[in-house]
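Asks: Just so you know, the sequences run in chain order X and Z. Under the numbering used here, the final residue of the first sequence carries the number 212; numbering is consecutive throughout. Under the numbering used here, the final residue of the second sequence carries the number 1010; numbering is consecutive throughout. Here's a structure for you.
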Amino acid sequence: MNIFRLLGDVSHLLAIIILLLKIWKTRSCAGISGKSQLLFALTYTTRYLDLVTNFVSVYNTFMKVVFLAASYATIWLIYMKFRATYDQNHDTFRIEFLLLPVTILSLVANHEFTLIEILWTWSIYLEAVAILPQLFMVSKTGEAESITSHYLFALGSYRGLYILNWIYRYYMESYYDLIAIFAGILQTVLYCDFFYLYITKVLRGQRLQLPA
Amino acid sequence: TNRATGKDEL
């Protein structure tokens, strides 16, 4: 464990908690893409299958349980409890256009052709693009509540911090995983325009407005 | 690449 990965996990945890609190407190999931949340739940489910098979550490197990529970709780809030506030008309990204290439790529580019490894690879590639429906929805609605933009900033930062973690681990532990690194860079790059808007606008108290 | 046995990253 190193400071970059710890900060990354904390940022990830913060993002998930911000989202849960936003929906629970405002009793509304307006502006939130249910499709992205579904993709995140799929990501954690396929990646944390080893939750019960190999124990890494208390921290590792605790975080996996929290991420799984929070992502399913968020889906329940969006599609069940506050279903009436779910903005279906703006959450229209075709996720099949994500699932197909991710599935093909995980079958072609993986470290080992075993079920558990393919599922892990699939989850790594899926996570890289899982935010696209949400970013698409923000661009369609043309704006995002500031709490939603804080959520996106924390979520985008987490994998950016993981990139620093991979640099650290490469030099200090001569460990690297090209699949995770490639997907992590793509995932972080997808947030770039949002990061720019967040830094230049939201931090100055303005609303996040995307050029429609 | 020396693959970490088991996944220690989240």
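Heads up, the beta-carbon is just placed ideally off N, CA and C, and yes, glycines get one too. Treat the numbers as computed from the prediction; the structure is a model and nothing was measured.
(1) Can you give me the C-alpha to C-alpha distance between residue 1008 of chain Z and residue 56 of chain X, rounded to a whole angstrom?
(2) Please classify residue 30 of chain X: does DSSP put it in a helix, a strand, or coil?
(3) On the three-state DSSP scale, how would you describe residue 209 of chain X?
(4) Can you name the residues of chain Z whose CB is closer than 9 Å to the CB of residue 108 of chain X?
(5) Taking the beta carbon of residue 53 of chain X as the centre, do at least 16 other beta carbons fall within 10 Å, making it buried, or is it exposed?
(6) Tell me where the alpha helix (DSSP H) around residue 125 of chain X begins and ends.
(7) Quick one, which residues of the stretch 101-128 of chain X are near chain Z if we go by CB-CB under 7 Å, in chain order?
(8) Can you look up residue 144 of chain X in the DSSP assignment and give me helix, strand or coil?
(9) Could you pull out every residue in the same chain whose Cβ sits closer than 6 Å to the Cβ of residue 58 of chain X, ignoring the five residues on either side in sequence?
(10) Using a Cβ-Cβ cut-off of 8 Å (strictly less than) and excluding sequence neighbours within five positions of residue 151 of chain X, which residues of its own chain qualify?
(11) Considering only residues of the same chain and omitting the five flanking positions on each side of residue 193 of chain X, which have a CB-CB separation below 6 Å?
(12) Counting pairs of Cβ atoms below 8 Å between the stretch 145-162 of chain X and the stretch 87-101 of chain X, do you hit three or more?
(13) Tell me whether residue 67 of chain X is buried or exposed, calling it buried when 16 or more other Cβ atoms sit within 10 Å of its Cβ.
(14) Counting only C-beta atoms, is residue 63 of chain X closer than 7 Å to chain Z at any point?
(15) If we ignore side chains and look at the alpha-carbon of each, how far apart do residue 174 of chain X and residue 1 of chain X end up?
(16) Quick one: grab the DSSP three-state call for residue 135 of chain X.
(17) What is the rounded straight-line gap between the Cα of residue 208 of chain X and the Cα of residue 89 of chain X?
(18) Out of X/51, X/78, X/61 and X/4, which one is the CA nearest neighbour of residue 24 of chain X?
(19) Along chain Z, in chain order, which residues have C-beta atoms closer than 8 Å to that of residue 60 of chain X?
(20) Any beta carbon from chain Z within less than 7 Å of residue 66 of chain X's own beta carbon?
(21) Beta-carbon separation of residue 146 of chain X and residue 108 of chain X under 7 Å?
(22) What do you reckon, are the CB atoms on residue 130 of chain X and residue 195 of chain X nearer than 7 Å?
Replies: Straight from the coordinates:
(1) 6 Å
(2) coil
(3) strand
(4) Chain Z residues near residue 108 of chain X: none, gap ~18 Å exceeds 9 Å.
(5) exposed
(6) 115-129
(7) 111 and 120
(8) strand
(9) none
(10) 15, 18, 19 and 22
(11) none
(12) no
(13) buried
(14) yes
(15) 14 Å
(16) helix
(17) 20 Å
(18) X/78
(19) 1008 and 1010
(20) no
(21) no
(22) no
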